[in-house]
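Residues 27 to 540 (this note's numbering) are what the sequence shown spells out, left to right. Glycine included, every Cβ here is placed at the ideal spot set by N, Cα and C. Heads up, the thing below is written out as structure tokens.
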Amino acid sequence: MNHPAWLDNAIFYEIYPQSFKDTNGDGIGDFNGIIEKLDYIKELGCTAIWMNPCFDSPFGDAGYDVADYYKAAPRYGTNDDLKRLFDEVHKRDMHILLDLVPGHTSTEHKWFKESVKPERNEFTDRYVWTDSIWEEPTGYGSLRGISDRDGSCMVNFFSHQPALNYGFYKPEKSWQQAVTDEGPKATLQEMMNVMAFWLGLGCDGFRVDMAGSLVKNDEDGKGTIALWRQVRDFLNQKFPDAAMVSEWGEPDKSLQGGFHMDFLLHFGPSHYNDLFRCEHPFFAGDGDASAFVAKYLENYEKSERKGLICIPSGNHDMDRLARTITGDKAKIVFSFLLSMPGAPFIYYGDEIGMRYVEGLTSVEGGYSRTGSRSPMQWDDSVNAGFSSASKEKLYVPMDESEDRPNVKRAMEDPDSLYHEVKKLITIRQQHSALQSLADIRFVWVKENAYPLAYIRENAEEKILVVLNPSDKEVAFKCDEVSAFEELYRLGGELTVQDGMITIPAVSACWVSIK
Ligand code: NOJ
Ligand code: CA
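Given below as structure tokens:
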């Protein structure tokens, strides 16, 4: 499989384009705004960008409801502006992934408008339809009674997001098409055309939305894996350097499907939330990381000890990290994220501790996610430097708290989270044993106890990471350390005596032990 080398030490920055930087005063972020801030992202140390969907859309789900895959949403700029963004990213030796949403479109997409017609046409089989309005696809919601076509159309997420038809792994009913039928084949071909279009303009690959959802009734994922292999074969021929990262959450499956990396999801069985977002998060100092580690290792083994699962600081779908974890404990979170295998993903604003904005009314299908999608806070000027628009016109209301963090102040304060993140990134980039592909071995993790300790290792180096976000000094047994060289430390010093390692309260340490 082709493998872009830049992924191996990539550190991603996720940009939610609506909320990053507005340059024309309409209250919504835009491509020019992102271009303006590329130097900021580069200076932080990030090497790559994942940008949420930026295609034409009625924005019923913030752009995850695409109306035209070939056209940039006018509110962000034109296709030419987007191409300029790709070029500006590359000028800085960085890379950018677009967000591909292959599982569904908006009901406003022209394919869907044709598909709802009772007369057979090119798009009749583009979506999953039952034969009769009186039959609903089981297990999924559906769109019914919306046109003269006699059938119910399966939905993939919100009810304005009809499911594109990639076929059923084992068709059981007359209306369930096989993956090899003409309709599903045409859908896949078109999605590959979409990918080719943007790769041709210069994007470096895709983060793929709900990548595991495409083939239906496909419990073990075999049909969907085979589908993505076809995509990879196509990419290998035409765009061998294209990078693919999946929102799937099962790296054994997605890696087989030709993805380079998968995401650790905040839903499903990952136990991601045990660490950061639950009643007692491990990194808040009174929680448990053991179930997370067990699951992580299970995936690690299943994906042939390739830790290619990316751990995000947050994203546009979950509460801001700062809602549960702040201060030095947030710094410890980053010392975890930046010492784990896979590529770390930093959600815009998490590097300055941006907060979840409480009490907002839903914007564009955000619902409880809206509070994590507020405008980036750059400085002390109007609207924190995000936009010159009047308050009412801002895409999502700003965090109005007086002490809201911003980039300018974070840069001026040597003790800020921003500087800690930057420091951690610099150290990670100096040691390949801390990067994506090096091995990981957990040397100490225990139910409801601290610290969490693991060794990252490759042919060059062996690095012990010890994280203690709890308020107590803790010790654990580990025979592998005698002499060590400190690479990073937050809080008090780590000490080793007679095979016992002691680490003070609220501290983190990375030490080279070989
Ligand atoms: C996952 C995306 O991250 C989320 O924002 C979106 O609403 C759903 N997929 C549906 O596309
Ligand atoms: Ca704008």
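*Please go through the same chain and pick out, in chain order, the residues whose beta-carbon is closer than 8 angstroms to the beta-carbon of residue 229, but skip the five residues on each side of it.*
For the purposes of this step, residue 229 is taken as the residue at position 203 of the sequence shown. Excluding sequence neighbours, residue 229 sits near 112, 122, 123, 124.
*With a threshold of 7 angstroms, establish whether the CB of residue 50 neighbours any heavy atom of ligand 2.*
As a working note, residue 50 is residue 24 in the sequence shown. Answer for residue 50: yes, Cβ within range of ligand 2.
_At a cut-off of 7 angstroms, would you count residue 411 as near ligand 2, judging by its Cβ distance to the nearest heavy atom?_
As a first step, residue 411 must be located in the sequence shown, where it is residue number 385. A distance criterion of 7 angstroms places the beta-carbon of residue 411 beyond contact range of ligand 2, judged by its closest non-hydrogen atom.
*Kindly indicate the opening and closing residues of the alpha helix (DSSP H) around residue 254.*
For the purposes of this step, residue 254 is taken as the residue at position 228 of the sequence shown. Counting along the chain, the alpha helix (DSSP H) containing residue 254 begins and ends at 248-264.
*Cα-Cα separation, residue 504 to residue 512*: Here residue 504 is taken as the residue at index 478 of the sequence shown, counted from 1. Here residue 512 is taken as the residue at index 486 of the sequence shown, counted from 1. Approximately 17 angstroms between the Cα atoms of the pair.
*Under 8 angstroms, do residue 187 and residue 130 count as touching if we go by C-beta distance?*
Taking the sequence shown and counting its residues from 1, the one referred to as residue 187 is at position 161. Taking the sequence shown and counting its residues from 1, the one referred to as residue 130 is at position 104. Their beta carbons are under 8 angstroms apart, which means residue 187 touches residue 130 by this criterion.
*Helix, strand or coil: which one does DSSP assign to residue 494?*
The residue given as residue 494 occupies position 468 in the sequence shown. In the structure shown, residue 494 sits in a strand (DSSP, three-state: E or B).
*Does DSSP put residue 541 in a helix, in a strand, or in coil?*
Residue 541 falls outside the range modelled here, since the chain spans only 27 to 540, and no answer is possible.
*Got a sec? Which residues, its chain only, sit under 7 angstroms from residue 34 by beta carbon, not counting five neighbours each side?*
Along the sequence shown, read from residue 1 onward, the residue named residue 34 stands at position 8. Cβ within range, chain order: 461, 462, 463.
*Counting only the same chain and skipping the five closest in sequence on each side, list residues whose C-beta sits under 6 angstroms from that of residue 166.*
In the sequence shown, residue 166 corresponds to position 140, counting from 1. These residues qualify, in order along the chain: 180.
_Nearest-angstrom Cβ-Cβ length linking residue 472 and residue 239, presumed shorter than 8 angstroms_ = For this step, residue 472 is matched to residue 446 along the sequence shown. For this step, residue 239 is matched to residue 213 along the sequence shown. With a Cβ gap of about 36 angstroms, residue 472 and residue 239 do not count as contacting.
*asked:* Give me the residue from 392, 438, 170, 37 with the minimum Cα distance to residue 158.
replied: Counted from its first residue, the sequence shown places residue 158 at position 132. Residue 170 is the option with its Cα nearest to residue 158.
*Pick out whichever of 63, 272, 321, 144 has its Cα sitting closest to the Cα of residue 236.*
Here residue 236 corresponds to residue number 210 of the sequence shown, with the count starting at 1. Taking only the C-alpha atoms, the option nearest residue 236 is 272.
_Please tell me whether residue 19 and residue 474 are closer than 8 angstroms, where the distance is taken between their beta carbons._
What is shown of the chain runs 27 to 540, which leaves residue 19 out entirely.
*asked:* With H, G and I counted as helix, E and B as strand and the rest as coil, what does DSSP make of residue 354?
replied: Working through the sequence shown from its first residue, we reach residue 354 at position 328. Three-state DSSP puts residue 354 in a helix.
*Could you tell me the boundaries of the beta strand (DSSP E) in which residue 481 lies?*
Residue numbering aside, residue 481 sits at position 455 when the sequence shown is read from its first letter. Element bounds for residue 481: 478-483.
_Three-way DSSP call (helix, strand, coil) for residue 438 in this model_ = Here the question's residue 438 lines up with position 412 in the sequence shown. It is helical.
*Can you pull the DSSP bridge partners for residue 231?*
Taking the first residue of the sequence shown as 1, we reach residue 231 at position 205. BP columns for residue 231 point to 123, 269.
*asked:* Rounded to whole angstroms, what is the Cα-Cα separation between residue 538 and residue 484?
replied: The residue given as residue 538 occupies position 512 in the sequence shown. The residue given as residue 484 occupies position 458 in the sequence shown. Going by the C-alpha atoms only, they are around 12 angstroms apart.
*Do residue 127 and residue 79 have their C-beta atoms within less than 8 angstroms of each other?*
To locate residue 127, count along the sequence shown from 1; it is residue 101. To locate residue 79, count along the sequence shown from 1; it is residue 53. It is a contact, given that the beta carbons lie within the stated cut-off.
_Reduced DSSP secondary structure (H/G/I, E/B, other) of residue 415_ = Start at 1 with the first residue of the sequence shown, and residue 415 comes out as number 389. Coil at residue 415, not helix or strand.
_Local conformation of residue 196 per DSSP, three classes_ = Position 170 of the sequence shown, counting from 1, holds the residue named residue 196. Residue state, collapsed to three classes: coil.
*Going by Cα to Cα distance, which pick from 292, 256, 41 is closest to residue 284?*
As a first step, residue 284 is located in the sequence shown; it is residue number 258 there, counting from the start. Considering only alpha carbons, the answer is 256.
*Under 8 angstroms by Cβ, that's how I've got residue 392 and residue 88 pegged, so tell me the actual separation to the nearest angstrom.*
The residue given as residue 392 occupies position 366 in the sequence shown. The residue given as residue 88 occupies position 62 in the sequence shown. Yes, residue 392 and residue 88 are in contact; Cβ-Cβ is about 6 angstroms, under 8 angstroms.
*Unbroken stretches of the alpha helix (DSSP H), 4 residues or longer, contained in the segment 37-117*: 57-62, 64-70, 105-117
*asked:* At a cut-off of 7 angstroms, would you count residue 89 as near ligand 2, judging by its Cβ distance to the nearest heavy atom?
replied: Counting from one through the sequence shown, the residue named residue 89 turns up at place 63. Not so, every heavy atom of ligand 2 lies at least 7 angstroms from the Cβ.
_Using only the alpha-carbon positions, how far apart do residue 509 and residue 535 sit?_
Along the sequence shown, one-based indexing puts residue 509 at 483. Along the sequence shown, one-based indexing puts residue 535 at 509. So the alpha carbons of these two residues sit roughly 14 angstroms apart.
*Under 7 angstroms from any heavy atom of ligand 2, does the C-beta of residue 54 make it?*
As a working note, residue 54 is residue 28 in the sequence shown. Under cutoff, so the answer is yes.
*Output the distance between the C-alpha atoms of residue 416 and residue 53, rounded to the nearest integer angstrom.*
The count along the sequence shown starts at 1 and reaches residue 416 at position 390. The count along the sequence shown starts at 1 and reaches residue 53 at position 27. If you take the alpha carbons of residue 416 and residue 53, they lie about 8 angstroms apart.
*asked:* Given a cut-off of 8 angstroms on the beta-carbon distance, is the pair residue 197 and residue 175 in contact?
replied: Residue mapping note: residue 197 aligns to position 171 of the sequence shown, counting from 1. Residue mapping note: residue 175 aligns to position 149 of the sequence shown, counting from 1. No, the pair does not count as a contact, with Cβ atoms beyond the cut-off.
*Nearest-angstrom Cβ-Cβ length linking residue 384 and residue 375, presumed shorter than 8 angstroms*: Here the question's residue 384 lines up with position 358 in the sequence shown. Here the question's residue 375 lines up with position 349 in the sequence shown. The Cβ separation is near 16 angstroms, so there is no contact.
*asked:* Short of 6 angstroms in beta carbon distance, which residues of its chain neighbour residue 555, apart from the five on each side in sequence? Order them along the chain.
replied: For the chain, the structure presents residues 27 to 540; residue 555 sits outside this window and is missing.
*asked:* Among the candidates 164, 364, 305, 459, whose CA atom is the shortest distance from the CA of residue 199?
replied: As a working mapping, residue 199 is identified with position 173 in the sequence shown. Selected option, being the one with the closest Cα: 164.
*Under 8 angstroms between the Cβ atoms of residue 409 and residue 420?*
As a working note, residue 409 is residue 383 in the sequence shown. As a working note, residue 420 is residue 394 in the sequence shown. Against a cut-off of 8 angstroms, the Cβ pair of residue 420 and residue 409 comes out as a contact.
*Determine the contact status of residue 347 and residue 368, defining contact as a CB-CB distance below 8 angstroms.*
For the purposes of this step, residue 347 is taken as the residue at position 321 of the sequence shown. For the purposes of this step, residue 368 is taken as the residue at position 342 of the sequence shown. Going by C-beta atoms, residue 347 is not nearer than 8 angstroms to residue 368.
_On the CB-based measure, 16 or more other CB atoms within 10 Å of its CB, does residue 286 come out buried or exposed?_
Start at 1 with the first residue of the sequence shown, and residue 286 comes out as number 260. Flag for residue 286 reads buried.
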